[in-house]
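Here is the structure we will look at, set down as structure tokens.
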Amino acid sequence: LGIGMTPRGELGLIVASLGLAVEVLDEVTYAELVGMSALTTFLAPLILTKICSGLREADEAQGIPAT
Numbered sequence: 782l783g784i785g786m787t788p789r790g791e792l793g794l795i796v797a798s799l800g801l802a803v804e805v806l807d808e809v810t811y812a813e814l815v816g817m818s819a820l821t822t823f824l825a826p827l828i829l830t831k832i833c834s835g836l837r838e839a840d841e842a843q844g845i846p847a848t
């Protein structure tokens, strides 16, 4: 469930934008936060798919039908 929530980076982007606007964050830190948000947004679905397919294969090996 936690991995499935990873792509929800909108709040982090909003907070980072506010931090940049009030000069709490510099441009480098802001760029790093945006980059990490983008990276996790793209990687999380791939990781979640891999995990779910592994669970499905394990269930089928034990005789539990995957639906």
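In this text, residue positions in the sequence shown follow my numbering: the first is 782, and each later residue adds one. Beta carbons are placed, not taken as given, at the ideal position from N, Cα and C, and that holds for glycine. Bear in mind the structure is a predicted one, so any value in this text is a computation, not a measurement.
Short check: CB of G790 to CB of T830, under 8 Å?
-> no
If we count the other Cβ atoms within 10 Å of its Cβ and call it buried at 16 or more, is S834 buried or exposed?
-> exposed
Compute the Euclidean distance between the alpha carbons of S798 and F823, then round it to the nearest angstrom.
-> 20 Å
Just to confirm, are L792 and V815 a CB contact at a threshold of 8 Å?
-> no
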